[in-house]
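S.K.:
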Amino acid sequence: MSFYSGGEIDTNKCDDFLLVVLISSYLLNSLHVFSGSSLPPPVLTVFPPSSAELRSNKASLVCLSSQSVPFADVTWLADGSPVSSGVSTSTAVQQPDQSFQISSSLDIQTSEWNMNKVYTCKVSLGSQTSDKNINKSKCPTEE
2 MSFYSGGEID TNKCDDFLLV VLISSYLLNS LHVFSGSSLP PPVLTVFPPS
52 SAELRSNKAS LVCLSSQSVP FADVTWLADG SPVSSGVSTS TAVQQPDQSF
102 QISSSLDIQT SEWNMNKVYT CKVSLGSQTS DKNINKSKCP TEE
């Protein structure tokens, strides 16, 4: 659907066009504010699977991104390769300090965890990224 006809604004769609312009302007201004170099990187914490989970032949890795922005992108890597299956990411939740918290989980099989693959939680906002690695050998084991 075009808002223009013959190079002029279609007055029947003018309200719609204005709304699109206002929303676009707001999003661009928000991106400019949040993507500035003065914005500190988010704080990432990655939690390993629990012992109980591992005994049931499944494992969930959880990544918590704090002091973030609401539209940061969370991705998972396994030994450097992107993973999309088994990923569940929450919507951003605003914290009292006005920053946002995002959680993401990656479900894998215990056998994959036991292979000592390096799993990476990566949080991106434009060209700015933060990442945190976890693998079995870096986690304490229960005797």
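Per the numbering used here, the sequence shown starts with residue 2, numbered consecutively. Using N, Cα and C, we set each Cβ at its ideal position, and we do this for glycine too.
Can you tell me whether DSSP reads Thr111 as helix, strand or coil?
M.R.: One-based indexing of the sequence shown puts residue 111 at position 110. If DSSP states are grouped into helix, strand and coil, Thr111 belongs with the helices.
S.K.: What's the call for Thr139, buried or exposed, on a 16-neighbour Cβ count within 10 Å?
M.R.: What you label residue 139 is simply residue 138 of the sequence shown in a count that begins at 1. In the sequence under discussion, the amino acid at residue 139 is Lys, which differs from the Thr named in the question. The residue is exposed, with fewer than 16 neighbouring Cβ atoms inside 10 Å.
S.K.: Nearest to Ala73 by CA position, among Gln96, Thr130 and Ile135, is which residue?
M.R.: Taking the sequence shown and counting its residues from 1, the one referred to as residue 73 is at position 72. When each option's Cα is compared against that of Ala73, the closest is Thr130.
S.K.: So, helix, strand or coil for Ala53, using DSSP?
M.R.: In the sequence shown, the residue the question calls residue 53 occupies position 52. Per DSSP, reduced to three states, the secondary structure at Ala53 is helical.
S.K.: I think Ser91 touches Ser100, with their Cβ atoms under 8 angstroms apart; what is that distance to the nearest whole Å?
M.R.: Looking up residue 91 in the sequence shown gives position 90. Looking up residue 100 in the sequence shown gives position 99. Rounded, the Cβ-Cβ distance is 15 angstroms, inconsistent with contact.
S.K.: Are there 16 or more other CB atoms within 10 angstroms of the CB of Val75, so buried, or fewer, so exposed?
M.R.: Position 74 of the sequence shown, counting from 1, holds the residue named residue 75. Looking at its Cβ environment, which holds 16 or more other Cβ atoms inside 10 Å, Val75 is buried.
S.K.: Please check the pair Asn119 and Asp80, which I expect to be a contact at CB under 8 angstroms, by giving their CB distance rounded to whole angstroms.
M.R.: As a position in the sequence shown, residue 119 is number 118, starting the count at 1. As a position in the sequence shown, residue 80 is number 79, starting the count at 1. Rather than Asn, the amino acid found at residue 119 in this sequence is Val. The pair is a contact, with the Cβ atoms about 6 angstroms apart (cut-off 8 angstroms).
S.K.: Can you give the beta carbon distance from Ser89 to Ser106, rounded, assuming they're within the 8 angstroms contact cut?
M.R.: To locate residue 89, count along the sequence shown from 1; it is residue 88. To locate residue 106, count along the sequence shown from 1; it is residue 105. Confirmed, about 5 angstroms.
S.K.: Could you say which of Pro49, Val124 and Lys59 lies nearest to Ile71 if we only look at CA atoms?
M.R.: Translated into positions along the sequence shown, residue 71 becomes position 70. Rather than Ile, the amino acid found at residue 71 in this sequence is Pro. Of the listed residues, the one whose Cα sits closest to Pro71 is Val124.
S.K.: Starting from Asn134, trace the beta strand (DSSP E) both ways and give me its first and last residue.
M.R.: For the purposes of this step, residue 134 is taken as the residue at position 133 of the sequence shown. Per DSSP, Asn134 belongs to the beta strand (DSSP E) from Gln129 to Ile135.
S.K.: What residues in its chain sit with their C-beta under 6 angstroms from that of Val47, if we drop five residues either side in the sequence?
M.R.: Within the sequence shown, numbered from 1, the residue matching residue 47 stands at position 46. Cys64, Cys122, Lys133 and Ile135, listed in sequence order.
S.K.: Am I right that Ala60 and Trp114 are in contact with their C-beta atoms under 8 angstroms? What's the rounded C-beta distance?
M.R.: Locating residue 60 in the sequence shown gives position 59, counting from the first residue. Locating residue 114 in the sequence shown gives position 113, counting from the first residue. Their Cβ separation, rounded to whole angstroms, is 5 angstroms, which keeps Ala60 and Trp114 in contact under 8 angstroms.
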